[in-house]
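Here's the structure, in structure tokens; my notes come after.
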Amino acid sequence: MSHIATASAQQFEQELPYYEPVGNECALFEQAYQQRLPLLLKGPTGCGKTRFVSHMAAKLGRPLFTVSCHDDLTAADLTGRYLLQGGETRWVDGPLTRAVREGGICYLDEVVEARKDVTVVLHPLTDDRRLLPLERTGELLEAPDDFMLVVSYNPGYQHILKSLKPSTRQRFVAMSFDFPPPKVECEIVARESGLAYDRCAALVNLAASLRAMKGQDLEEGVSTRLLVYCATLINAGMPILDAACATLVEPLSDDQYVQQGLMEAIKATF
Ligand code: ADP
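Under this note's numbering, the letters of the sequence shown match residues 1 to 270, in that order.
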């Protein structure tokens, strides 16, 4: 019996989206889920927030509804709308409503990008009432225990008009993400790209010097995602400088001088 149980547990582990923990984030997520508290993830782009949420959703065995927010996203895009289907008007649930009905995790990536009316639906869901009012259908849905709301935003490129209001952010348990420490980042880049660990270590070292240039003329430092892209291209046989130019220079800046500076740092390493 126990042998069978171990085998299925192992199989389950293998099916989890790969996520390398950096601190206590997995325990904190699990606690927030169990205590029915909403969660806010803060951090730069490409540092593992989305991967973390899909890993945790799979670990908790809950369906995940991910929405990448943008400046046209309205409350109706989340809750649902009446659509004309085959000559009939039918209500179709949006991802937030589905997560509430099905007891899943709803992840709103870059929530500050969304229109203001989105906060109106989030507020009653993020206090102890955990309610989702659907004005159009006249329903008032009570979120089940296994529903969880997770939102993220990148404090790096906030401007005054687009930041979370205290009345919204103070409804969430929050945690900060950053690029993983070098050893962990090497593990991640090696595992994701298939490139040998020591070659990934060189890239992670390089990332440290490129990230140090942030603020001068760069808005964002090179992300773990871009390091994975770079290692993937190198592993596929692309010359290092070409791969680095396409993944660590071009996506970061359009400014010729900034690009030159980045390229010099890269050439000094390889
Ligand atoms: P974000 O949502 O913060 O923009 P992602 O979660 O999409 O970033 O991460 C980008 C990529 O970086 C992932 O696809 C994955 O390859 C890699 N990554 C970053 N951090 C981790 C981590 N801790 N464990 C596993 N992969 C990671």
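By construction, the Cβ of each residue, glycine as well, lies at the ideal position given by its N, Cα and C atoms.
>> My output table needs one value for C47: the three-state DSSP class, helix, strand or coil.
In response: On the sequence shown, position 47 is the one that residue 47 refers to. Three-state DSSP puts C47 in coil, outside helix and strand.
>> Helix, strand or coil, according to DSSP, for A5 in the structure here?
In response: Walking along the sequence shown from the start, residue 5 turns up at place 5. Bear in mind that the predicted position of A5 carries a pLDDT of just 43, short of 50, making it unreliable; the figure below should be weighed with that in mind. DSSP places A5 in helix when its eight states are reduced to three.
>> Can you tell me where the beta strand (DSSP E) holding C106 begins and where it ends?
In response: Position 106 of the sequence shown, counted from the first residue, corresponds to residue 106. Here the beta strand (DSSP E) through C106 covers 105-109.
> Pick out every residue whose C-beta is nearer than 5 Å to a heavy atom of the ligand ADP: which are they, in chain order?
Replying inline: Y19, E20, T45, G46, C47, G48, K49, T50, R51, I188, E192, T224, R225, V228
> Helix, strand or coil: which one does DSSP assign to P124?
Replying inline: As a first step, residue 124 is located in the sequence shown; it is residue number 124 there, counting from the start. The answer is helix: DSSP assigns P124 an H, G or I state.
> Looking at C-beta atoms only, is the number of pairs between the stretch 14-30 and the stretch 44-56 that lie closer than 8 Å three or more?
Replying inline: yes
>> Let me confirm a value: E135 is counted as buried when at least 16 other C-beta atoms fall within 10 Å, else exposed. Which label applies?
In response: What you label residue 135 is simply residue 135 of the sequence shown in a count that begins at 1. Looking at its Cβ environment, which holds fewer than 16 other Cβ atoms inside 10 Å, E135 is exposed.
>> With the cut-off set at 8 Å, would you say S68 and V111 are in Cβ contact?
In response: Here the question's residue 68 lines up with position 68 in the sequence shown. Here the question's residue 111 lines up with position 111 in the sequence shown. It is not a contact, given that the beta carbons lie outside the stated cut-off.
> Is Q256 helix, strand or coil when you go by DSSP?
Replying inline: Position 256 of the sequence shown, counted from the first residue, corresponds to residue 256. It is helical.
>> Here's the rule: buried if 16 or more other CB atoms are within 10 angstroms of the residue's CB, otherwise exposed. What is G237?
In response: Taking the sequence shown and counting its residues from 1, one reaches residue 237 at position 237. Per the 10 Å Cβ criterion, exposed.
>> By the three-class DSSP mapping on this structure, what secondary structure does V67 have?
In response: Walking along the sequence shown from the start, residue 67 turns up at place 67. If DSSP states are grouped into helix, strand and coil, V67 belongs with the strands.
>> Applying the 10 Å Cβ sphere with the 16-neighbour rule, what's the burial state of K267?
In response: Against the sequence shown, residue 267 aligns to sequence position 267. K267 should be labelled exposed.
> With A243 and I234 assumed to form a contact (beta carbons below 8 Å), what rounded beta-carbon distance in angstroms separates them?
Replying inline: Against the sequence shown, residue 243 aligns to sequence position 243. Against the sequence shown, residue 234 aligns to sequence position 234. Correct: roughly 5 Å between the Cβ atoms.
> Contact between the stretch 21-37 and the stretch 67-84: three or more CB pairs below 8 Å?
Replying inline: As far as the Cβ criterion goes, the stretch 21-37 does not touch the stretch 67-84, which means the pair count is below three.
>> So, at 6 Å on beta carbons, what are the nonlocal neighbours of L141 in its own chain, with the 5 sequence-adjacent residues on each side left out?
In response: Translated into positions along the sequence shown, residue 141 becomes position 141. Same-chain partners within the cutoff: V100, L132.
> If you draw a straight line from the alpha carbon of S223 to that of M213, how long is it in whole angstroms?
Replying inline: Taking the first residue of the sequence shown as 1, we reach residue 223 at position 223. Taking the first residue of the sequence shown as 1, we reach residue 213 at position 213. If you draw a straight line from the Cα of S223 to the Cα of M213, it is about 13 Å long.
>> Can you look up L164 in the DSSP assignment and give me helix, strand or coil?
In response: Within the sequence shown, numbered from 1, the residue matching residue 164 stands at position 164. L164: coil per DSSP, three-state reduction.
> Helix, strand or coil: which one does DSSP assign to D72?
Replying inline: Position 72 of the sequence shown, counted from the start, is the residue given in the question as residue 72. For D72, the three-state secondary structure derived from DSSP is coil.
> Using the C-alpha atoms, what's the distance from R98 back to T66?
Replying inline: Within the sequence shown, numbered from 1, the residue matching residue 66 stands at position 66. Within the sequence shown, numbered from 1, the residue matching residue 98 stands at position 98. The straight-line gap from Cα to Cα measures roughly 11 Å.
>> For a test of the three-state rule: what should DSSP assign to A114, helix, strand or coil?
In response: Position 114 of the sequence shown, counted from the start, is the residue given in the question as residue 114. A114 falls in the coil class under three-state DSSP.
> Are the beta-carbon atoms belonging to S193 and T232 less than 8 Å from one another?
Replying inline: Taking the sequence shown and counting its residues from 1, the one referred to as residue 193 is at position 193. Taking the sequence shown and counting its residues from 1, the one referred to as residue 232 is at position 232. Their beta carbons are under 8 Å apart, which means S193 touches T232 by this criterion.
> Excluding the five sequence neighbours on either side, which residues of its own chain have a C-beta within less than 7 Å of the C-beta of Q256, listed in chain order?
Replying inline: Residue 256 sits at position 256 when you count from the first residue of the sequence shown. Within its own chain, no residue has a Cβ closer than 7 Å to the Cβ of Q256 once the five positions on either side in sequence are excluded.
>> By DSSP's criteria, G80 is part of a beta bridge. Which residues make up the other side?
In response: As a first step, residue 80 is located in the sequence shown; it is residue number 80 there, counting from the start. DSSP lists D93 as partners of G80.
>> Taking contact to mean 3 or more Cβ pairs, one atom from each stretch, closer than 8 Å, check whether the stretch 81-92 and the stretch 170-184 are in contact.
In response: no
> Do L122 and T168 have their C-beta atoms closer together than 8 Å?
Replying inline: Residue numbering aside, residue 122 sits at position 122 when the sequence shown is read from its first letter. Residue numbering aside, residue 168 sits at position 168 when the sequence shown is read from its first letter. Closer than 8 Å, so yes.
> Which residues in the same chain have their Cβ closer than 6 Å to the Cβ of R130, if we skip the five residues on either side of it in sequence?
Replying inline: Counting from 1 along the sequence shown, the entry for residue 130 is found at position 130. Cβ-Cβ distances below 6 Å link R130 to A143 in the same chain, with the five nearest sequence neighbours on each side left out; the list follows chain order.
>> I believe L195 touches T269 by the beta-carbon criterion, under 8 Å. Please report the beta-carbon distance rounded to the nearest angstrom.
In response: Reading the sequence shown from its first residue, position 195 is the one you call residue 195. Reading the sequence shown from its first residue, position 269 is the one you call residue 269. Not a contact, Cβ separation roughly 15 Å.
> Under the three-state reduction of DSSP, which class applies to Y19: helix, strand or coil?
Replying inline: Sequence index remark: in the sequence shown, residue 19 carries index 19 (1-based). Here Y19 carries a coil assignment [DSSP, helix/strand/coil].
> What is the residue span of the beta strand (DSSP E) that V150 lies within?
Replying inline: Position 150 of the sequence shown, counted from the start, is the residue given in the question as residue 150. 148-153 is the extent of the beta strand (DSSP E) around V150.
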